[in-house]
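Residue numbering for the sequence shown follows this note's numbering, beginning at 5 and increasing consecutively.
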Amino acid sequence: MTVTVHMHGNLRRFMPEGRDRATMELPADATVETVLRGLGAEQDTWLVAVNSEVVDRDRVLAAGDLVDCFEPVAAG
């Protein structure tokens, strides 16, 4: 199945060529955690939304999903 992954902020460093968005081909039972581990971003990602809904990392993805990943943000 194909999903689109959108890495916000500095998480782009985990994407091919530092892009913020990429289409990925995944197995049918892939979860959010599958995507994060595949990119090496599991430790740096704080929040994930699928189709604009905040989800847990064990959420099973479906074809056409948009996975948005966010890092922690600090303000001073």
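Virtual Cβ for every residue (Gly too), placed ideally from N, Cα, C.
- Judged by beta-carbon spacing, Arg41 lies beyond the 9 Å limit of Val54, meaning their Cβ atoms are not closer than that value.
- Straight through space, the alpha carbons of Asp69 and Ser56 are spaced by roughly 10 Å.
- Membership of Arg16 in any alpha helix (DSSP H) is not indicated, and neither H nor E is assigned to it by DSSP.
- Of the candidates Asp60, Ala66, Val52, Arg61, Ala66 places its Cα closest to the Cα of Glu29.
- Taking every protein chain shown into account, the CB of Asp60 has fewer than 16 other CB atoms within 10 angstroms, so this residue is exposed.
- In summary, Asp72 is buried, with 16 or more beta-carbon neighbours lying within 10 Å of its beta-carbon over all protein chains present.
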